[in-house]
Amino acid sequence: MAVNKRAAGADKEQLAARYLVDNGYTVLERNFRNKTGEIDIIAKKDNYIVFVEVKYRSNNKYGYAVEAVNYRKKQIIRRVAQFYMATRYKSCDIPCRFDVIGIDGETVTHIKNAF
Numbered sequence: 008m009a010v011n012k013r014a015a016g017a018d019k020e021q022l023a024a025r026y027l028v029d030n031g032y033t034v035l036e037r038n039f040r041n042k043t044g045e046i047d048i049i050a051k052k053d054n055y056i057v058f059v060e061v062k063y064r065s066n067n068k069y070g071y072a073v074e075a076v077n078y079r080k081k082q083i084i085r086r087v088a089q090f091y092m093a094t095r096y097k098s099c100d101i102p103c104r105f106d107v108i109g110i111d112g113e114t115v116t117h118i119k120n121a122f
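Just so we're on the same page, this note's numbering is the position in the sequence shown counted from 1, plus 7.
See below:
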């Protein structure tokens, strides 16, 4: 079961990455990790570095996918993003934002500046 969930997650992250590229983003990293946690996709558009969390649901029984990003997950993503920016970019002037892509069945919802 865990392997199937992992494969499904990878498929949905691929779908999200393709969605971003189709909408003018450049994907810089996928599954960027450090000891604190992971960011699903790091992309760039219009001089912004965009940290993207991807969530999916096969049905809405337990709510919509975008609702699954809780406070703890946001804190982890922020910490990993700080590490990424500190290790990849010298300037503090590069704007960044945090987006969520929710995939409910075949419907993709992109929330910019989600948190």
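Ideal Cβ positions, reconstructed from N, Cα and C, are used throughout, including at glycine. Keep in mind it's a predicted model, so treat the numbers as computed, not measured.
Scanning 78, 75, 55, 120 for the CA closest to the CA of residue 100 turns up 55.
Residue 43 has its alpha-carbon roughly 25 angstroms from the corresponding atom of residue 117.
Residue 111 and residue 18 have their C-alpha atoms some 13 angstroms from each other. An exposed status is given to residue 45, since fewer than 16 other beta-carbon atoms sit within 10 Å of its beta-carbon. Its chain contains 122 as the residues whose beta carbon lies nearer than 7 angstroms to that of residue 81, once the 5 sequence neighbours on both sides are disregarded; these appear in chain order. Sorting 69, 36, 91, 27 by C-alpha distance to the C-alpha of residue 49 places 36 at the top.
For residue 114, the enclosing beta strand (DSSP E) has its first and last residue at 114-118.
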